[in-house]
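Chemist:
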Ligand code: BES
Ligand code: MN
Ligand code: ZN
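In the numbering used here, the protein residues as written are 26 to 485.
Now the structure itself:
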């Protein structure tokens, strides 16, 4: 696949595209003159949003393209996606009518994403030339990080096991001059008992990746991602319909790696740490069982009510570990509950934090970069739902009713973070079931453009 966006100078004679409001079509056609008005009428061009009209030259070549901009109330990423989909093969440059060139270019490039590792799929054919190098430099970290997250999720579990996922993380950090440590085997069992318990049923050994980048004196930001490479549910096995998409259960890890790539490529002045428990929740004679009790890294005992509530277990130990060095900010991302999707649907991940300023800032950046997020509460009274008669905590709602599943999972995680300046948890879906504008079908980057925008503003 060629790069969907390129720097001017790398291409000659791009075709210029003008955005035309429906209300200004007449006027615009007058201004171009020639036969364009008759041509536009003959084609029935109305400049509705996304309509494209090719204006031929007298020699019968493509002279220019008009891009319908309807009433003008369109968001930049969605505009870019519409351009990518509707322009015929060729090389284009944005002429007048586009305010946010960076946003349009990003939407164009995001819509061009294809996952073609296992099958030839028809590539995106149009190419966009950007004349401002600063725009390209600003976009590349975001684009690369987003593609990384999507590729990792889309790769099936037979090729993306705990080892492969850990290798992606260590390679990414190596490439940027960082370092990493992988905890595995007896050491994992001793240091991260819950990670070991969840991953032990698989022939592919569980492990915990701890990767670090940046200057020690810079503010410490730690990202924790759920890396369940496949979630069969374990002994409390999932039904087929619930299991089919579970290669995406490392979507939290994929997204924190995407965000880490953005941070490192943009060289944000932070001391970045990424912690990923990489496990398979599998069924075997070594699987953990409902009613087992484990002492977590933090010392809290946890009774297993259902082995399918495995995400909060591996995150508990990873978060406790992250918290030990008291970072300024911990962000965790996880495909944690089906309940989050019931509450808000696949495209609007909930986030949880008790830091009011952080909550507000996230909302602002989410809106600014069209990366939708919705705050949900760490509602203390529901702590009673995750109590156990025999342990400090239960990994499921023990009240008998399956209420507030995403909230109770978040409350469970909260028990393992005490010292850090602030903590935010995102219960993402990590998947776009129905393609829409710049969101292609399949593995999805969620929240990381918003979080990157926030971190860039706060630390950049
Ligand atoms: N990985 C799933 C959550 C999930 C399911 C996310 C479907 C996105 C789509 C998680 O490990 C899980 O199985 N959660 C259970 C928890 C329950 C057993 C308490 C759930 O949400 O049903
Ligand atoms: Mn599960
Ligand atoms: Zn899971």
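All C-beta atoms in this analysis are idealised placements derived from N, C-alpha and C, irrespective of residue type, glycine included.
Taking C-beta to C-beta, are residue 304 and residue 318 nearer than 8 angstroms?
Modeler: no
Chemist: How many Å lie between residue 107 and residue 425 at the Cα?
Modeler: 48 angstroms
Chemist: By the 10 Å Cβ neighbour count, where 16 or more other Cβ atoms means buried, how is residue 311 classified, buried or exposed?
Modeler: exposed
Chemist: Take the Cβ of residue 440 as the centre, count every other Cβ of all protein chains shown within 10 Å, and call the residue buried at 16 or more, exposed below.
Modeler: buried
Chemist: Could you tell me the distance, in whole angstroms, from the CA atom of residue 62 to the CA atom of residue 129?
Modeler: 27 angstroms
Chemist: Closer than 8 angstroms is the cut-off here; do at least three beta carbon pairs connect the region 374-382 with the region 392-412?
Modeler: In this structure the region 374-382 touches the region 392-412; the number of beta carbon pairs closer than 8 angstroms is three or more.
Chemist: Hey, how far is the Cα of residue 176 from the Cα of residue 183?
Modeler: Taking the straight line joining both Cα atoms gives about 14 angstroms.
Chemist: If you reduce the DSSP assignment to three classes, tell me which class residue 262 lands in.
Modeler: coil
Chemist: Just reading off the alpha helix (DSSP H) that residue 107 is part of, what are its end residues?
Modeler: 101-111
Chemist: Could you tell me which uninterrupted beta strand (DSSP E) segments, each at least 3 residues in length, are contained entirely in the region 416-461, listed from first to last along the chain?
Modeler: 447-452
Chemist: Beta carbon of residue 334: closer than 7 angstroms to some heavy atom of the ligand BES?
Modeler: yes
Chemist: Looking only at its chain, what residues have a beta carbon closer than 8 angstroms to the beta carbon of residue 219, apart from the 5 residues adjacent to it on each side?
Modeler: 319, 321, 322, 327, 338, 339, 341 and 342
Chemist: Residue 9 to residue 269, Cα distance in whole Å?
Modeler: A query on residue 9 cannot be resolved here, the shown segment of the chain reaching from 26 to 485 and no further.
Chemist: Considering only heavy atoms of the ligand ZN, does any lie closer than 7 angstroms to the CB of residue 223?
Modeler: no
Chemist: Considering only residues of the same chain and omitting the five flanking positions on each side of residue 134, which have a CB-CB separation below 6 angstroms?
Modeler: 29, 30 and 168
Chemist: Helix, strand or coil: which one does DSSP assign to residue 399?
Modeler: When DSSP states are grouped into helix, strand and coil, residue 399 belongs to the strand group.
Chemist: Rounded to the nearest angstrom, how far is the Cβ of residue 315 from that of residue 261, given a contact under 8 angstroms?
Modeler: Sure, about 6 angstroms apart at Cβ, within 8 angstroms.
Chemist: Can you tell me whether DSSP reads residue 358 as helix, strand or coil?
Modeler: Residue 358 falls in the strand class under three-state DSSP.
Chemist: Following the continuous alpha helix (DSSP H) through residue 196, name the residue where it begins and the one where it ends.
Modeler: 187-200
Chemist: Would you kindly check if the distance between the Cβ of residue 359 and the Cβ of residue 336 is under 8 angstroms?
Modeler: yes
Chemist: Should residue 4 be listed as close to the ligand BES, given that the test is whether its C-beta is under 7 angstroms from any heavy atom?
Modeler: The shown model of the chain, from 26 to 485, leaves out residue 4, and the question about it has no answer.
Chemist: Report the partner residues of residue 49 according to the DSSP bridge assignment.
Modeler: Residue 49 is not bridged to any residue.
Chemist: Can you list, in chain order, the residues of its chain whose CB lies under 8 angstroms from that of residue 411, leaving out five sequence neighbours each side?
Modeler: 418, 419, 420, 421, 422, 423, 433, 436 and 437
Chemist: DSSP has residue 238 in a bridge; who is on the other side?
Modeler: 297
Chemist: Can you tell me which residues form a DSSP beta bridge with residue 464?
Modeler: 461
Chemist: Does the distance from the CB of residue 238 to the CB of residue 203 come in under 8 angstroms?
Modeler: yes
Chemist: Between which residues of its own chain and residue 415 is the CB-CB distance below 7 angstroms, once the five residues before and five after are set aside?
Modeler: Excluding positions up to five away in sequence, the list reads 318 and 328.
Chemist: I'd like to confirm something about residue 226: is its beta-carbon nearer than 7 angstroms to some heavy atom of the ligand MN, or not?
Modeler: no
Chemist: As a quick exercise: from 166, 291 and 233, pick the residue whose alpha carbon is nearest that of residue 195.
Modeler: 233
Chemist: Would residue 205 pass as a contact of residue 159 if the rule is Cβ separation under 8 angstroms?
Modeler: no
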